[in-house]
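As structure tokens, the structure follows; a few thoughts come after it.
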Amino acid sequence: MAGLWRGLRRLFAGPSFKDYLEDSAEALKRQPVEMRCPACGKVVPFQDRCPSCGSPRHPPVDERV
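Here our numbering = 1-based position in the sequence shown + 485.
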């Protein structure tokens, strides 16, 4: 009877921590390698700043209220 409960628990259990870890590792591998610079329009490696024109990857956010 204990084996039946153990089997049912495994059947209805959610994903394990190992599954979440593998999914996050796969998501990191799927990140883009290149991007189009919003300022100059060139396709450049995915970095914080464009190597061609030096503009930031994301436009600065104006936090003034």
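Each residue gets a CB set at the ideal place from its N, CA and C atoms; glycine is no exception.
{"query": "Tell me which same chain residues have a C-beta within less than 8 Å of the C-beta of glutamate 519, skipping the five on either side of it?", "result": "Val528, Val529, Pro530 and Phe531"}
{"query": "Quick one: residues in its chain with C-beta nearer than 6 Å to the C-beta of leucine 493, no 5 flanking neighbours on either side, listed in chain order?", "result": "none"}
{"query": "Does DSSP put glutamate 548 in a helix, in a strand, or in coil?", "result": "coil"}
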